[in-house]
Amino acid sequence: MPSPLGHTAIGLATHALYCKNRSILGSWKLLVFVVVLANLPDLDILFGLIFSGNGNAFHRGMSHSLLFALGMGLLSTHAWRCWPTIPRLNFLWCFLLILSHVLADAVFTNAPVSLWWPLEASRIAGDWGWSEVMNSVFTGAFQDIGVVFGFGLIIMISRLFKYGATVPVIRGLVKVKTSSISKNT
Ligand SMILES: [Zn+2]
44 MPSPLGHTAI GLATHALYCK NRSILGSWKL LVFVVVLANL PDLDILFGLI FSGNGNAFHR
104 GMSHSLLFAL GMGLLSTHAW RCWPTIPRLN FLWCFLLILS HVLADAVFTN APVSLWWPLE
164 ASRIAGDWGW SEVMNSVFTG AFQDIGVVFG FGLIIMISRL FKYGATVPVI RGLVKVKTSS
224 ISKNT
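The working numbering puts the first residue of the sequence shown at 44, with every later residue one more than the last.
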């Protein structure tokens with residue numbers, strides 16, 4: 044699985060693309076929501092550990108589905124009504140952050156997700172205890188450095204497009220290429 048760190052990086056890239064790179068650093072509350080929503084589906088591991096001592100008991104089931112992303116997206120959008128300190132969140136933003144987790148699990152791992160739950164329900168076989176889960180969270184963070192780097196690159200490229208910096212960069216590259224061609228001819 045992508046680790047919590049990997050899912051957070053994917054969530055930040057989703058935010059950058061959806062919000063056309065409006066910086067999230069100015070709002071720590073939004074940053075917290077990116078981290079929470081991008082990792083929300085993996086709460087099924089915690090439930091499995093608490094209720095049956097096996098992190099795989101419910102893992103990759105209902106919480107890794109389109110329906111869950113829609114439902115929790117809707118709940119998150121209305122959370123400010125219960126806790127006024129919570130910012131009003133856009134439904135599509137919440138939905139896409141949760142969905143980014145499900146799609147990342149589907150793309151970057153071999154174990155299936157239950158995208159169309161309740162029409163399909165996947166489950167990972169085998170026991171996954173507390174120590175194995177903790178170990179996997181920390182070792183996964185190291186393994187996900189490539190994911191963090193890749194999605195960091197996506198954020199940087201989208202920022203370049205936002206500020207129009209790509210145009211001078213491309214012009215510079217074209218200039219270098221044409222000057223080297225004219226030297227060679
Ligand atoms: Zn997951």
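Where is the CB? At the ideal position from N, CA and C, for every residue including glycine. As the structure is a prediction and not an experimental result, all values here were calculated from the model.
Quiz item: Is His121 near ligand 1, going by C-beta to nearest heavy atom under 8 angstroms?
Solution: As a working mapping, residue 121 is identified with position 78 in the sequence shown. No, the Cβ of His121 stays beyond 8 angstroms of every heavy atom of ligand 1.
Self-check item: His107 beta carbon less than 9 angstroms from that of Leu158
Solution: For the purposes of this step, residue 158 is identified with residue 115 of the sequence shown, where counting begins at 1. For the purposes of this step, residue 107 is identified with residue 64 of the sequence shown, where counting begins at 1. Closer than 9 angstroms, so yes.
Quiz prompt | Pairwise C-alpha distance: Thr57 and Leu140 | solution = Indexing the sequence shown from 1 puts residue 140 at position 97. Indexing the sequence shown from 1 puts residue 57 at position 14. Between Leu140 and Thr57, the C-alpha separation is close to 7 angstroms.
Quiz prompt | Beta-carbon proximity list for Ala81, same chain, < 7 angstroms, skipping 5 on both sides | solution = In the sequence shown, residue 81 corresponds to position 38, counting from 1. If we look at Ala81 and ignore the five residues flanking it on each side, its Cβ neighbours are His50, Thr51, Ile53, Gly54, Leu140, Ser143, His144.
Quiz prompt | Range covered by the alpha helix (DSSP H) that runs through Lys72 | solution = As a working mapping, residue 72 is identified with position 29 in the sequence shown. 71 to 82 is the span of the alpha helix (DSSP H), which, as asked, contains Lys72.
Quiz item: For Arg202, which three-state DSSP category applies?
Solution: The count along the sequence shown starts at 1 and reaches residue 202 at position 159. Note: Arg202 maps to helix in three-state DSSP.
Quiz prompt | When Phe94, Leu118, Leu132, Trp126 are compared against Ser70, the one with the closest alpha-carbon | solution = The residue labelled residue 70 in the question sits at position 27 within the sequence shown. Among Phe94, Leu118, Leu132, Trp126, the Cα nearest to that of Ser70 belongs to Leu132.
Quiz item: Anyone know if the C-beta pair for Pro161 and Met105 falls short of 9 angstroms?
Solution: In the sequence shown, the residue the question calls residue 161 occupies position 118. In the sequence shown, the residue the question calls residue 105 occupies position 62. Contact flag set, yes.
Exercise. Give the straight-line distance between the Cα atoms of Pro130 and His121, rounded to the nearest whole angstrom.
Key: Numbered from 1 along the sequence shown, position 87 holds the residue referred to as residue 130. Numbered from 1 along the sequence shown, position 78 holds the residue referred to as residue 121. Going from the Cα of Pro130 to the Cα of His121 covers about 10 angstroms.
Quiz item: Relative to the alpha-carbon of Arg166, which residue among Asp87, Leu109, Thr182, Phe76 has its alpha-carbon at the smallest distance?
Solution: Start at 1 with the first residue of the sequence shown, and residue 166 comes out as number 123. Nearest C-alpha to Arg166: Asp87.
Quiz prompt | As assigned by DSSP and simplified to three states, the class of Cys249 | solution = Not covered by the structure: residue 249. The range shown for the chain is 44 to 228.
Quiz item: Regarding Pro84 and ligand 1, is the C-beta to nearest heavy atom distance less than 8 angstroms?
Solution: On the sequence shown, residue 84 is found 41 positions in, with the first residue counted as 1. True, at least one ligand heavy atom lies under 8 angstroms from that Cβ.
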